[in-house]
Amino acid sequence: MRVLGFDPSMSNWGWVLADIVDGNITPLMSGVICVSADPTISKSNPVQNIYRASAILRELIAVLDDVAGVYDIYVEVPHGGKSSQAAVSATMCQTLLGSLLLCGVNLIPVTAMANKKTVGNKTASKDDVIDWINQRHPDFLPKKKDGSILKNKAEHIADALLTIYTGLNK
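Each residue of the sequence shown is one higher than the last, beginning at 749 in my numbering.
Spelled out as structure tokens, the structure:
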């Protein structure tokens with residue numbers, strides 16, 4: 749079975765395509781959809797959110813086109829944060845995920861807390877998640893030329909892959 753894992757964010761949306769055979773997960777490809785603010789629009793202007801949402805949706809559709817036939821997507825559902833912008837971002841990601849439902853994909857929700865439990869630590873940091881994934885798939889996460897892990901990309905890819913592990917063990 750071929751599935752996707754998503755780690756949604758309005759700035760860095762991580763994704764992983766993986767095969768699952770007899771309960772074993774083999775990651776095949778991954779990426780991070782990076783969206784920067786439109787420099788011609790004030791960061792506080794709500795139109796900025798529309799710009800970013802359309803850019804992410806365009807890239808998500810391209811990913812889905814590239815992996816045609818994958819309809820199970822394990823997704824860490826964003827829950828917001830302490831700031832109003834974090835709440836807006838979470839709501840926008842949830843809305844984009846709802847749009848994917850309309851396209852016929854099967855979203856399998858996973859919470860951030862469930863992901864941390866999979867790692868074995870309810871206070872797991874991003875580094876803990878990266879290490880957990882790297883132990884299982886040492887050649888998968890993006891690396892720098894010196895062989896060290898490229899953390900700014902790896903954290904989103906690791907979360908997306910971890911979401912598949914967590915979703916399968918629900």
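Beta carbons are placed, not taken as given, at the ideal position from N, Cα and C, and that holds for glycine.
Sequence-distant residues of its chain with Cβ nearer than 8 Å to residue i (five each side left out)
i: residue 839; result: 828
i: residue 898; result: 889, 890, 891 and 892
i: residue 931; result: As shown, the chain starts at 749 and ends at 918. That puts residue 931 outside it, with no answer to give.
i: residue 847; result: 805
Buried or exposed (CB count within 10 angstroms, at least 16 for buried), residue i
i: residue 914; result: buried
i: residue 849; result: exposed
i: residue 793; result: exposed
i: residue 902; result: buried
i: residue 866; result: buried
i: residue 769; result: exposed
i: residue 816; result: exposed
i: residue 795; result: exposed
i: residue 881; result: buried
i: residue 912; result: buried
i: residue 872; result: buried
i: residue 907; result: buried
i: residue 809; result: exposed
i: residue 779; result: buried
i: residue 749; result: exposed
i: residue 826; result: buried
Local conformation of residue i per DSSP, three classes
i: residue 891; result: strand
i: residue 846; result: helix
i: residue 917; result: coil
i: residue 751; result: strand
i: residue 909; result: helix
i: residue 867; result: helix
i: residue 836; result: helix
i: residue 877; result: helix
Beta-carbon proximity list for residue i, same chain, < 7 Å, skipping 5 on both sides
i: residue 845; result: 756, 823 and 855
i: residue 799; result: 786 and 789
i: residue 797; result: 836 and 840
i: residue 874; result: 903
i: residue 772; result: none
Close-in-space but distant-in-sequence residues of the same chain around residue i (CB under 6 Å, 5 per side omitted)
i: residue 791; result: 785
i: residue 777; result: 765
i: residue 909; result: 753, 764, 775 and 881
Residue i: CB within 6 Å of a non-hydrogen atom of the ligand FMN
i: residue 823; result: This structure lacks the ligand FMN, and indeed carries no ligand of any kind.
Going residue by residue through the region 757 to 833, where are the continuous alpha helix (DSSP H) segments of at least 4 residues, counting only ones entirely within it? 795 to 814
On the three-pair Cβ rule with 8 Å, is the region 800 to 810 touching the region 764 to 773? With a cut-off of 8 Å, the region 764 to 773 and the region 800 to 810 do not count as touching, because too few Cβ pairs lie within range.
Are three or more beta carbon pairs between the region 899 to 917 and the region 809 to 822 nearer than 8 Å? yes
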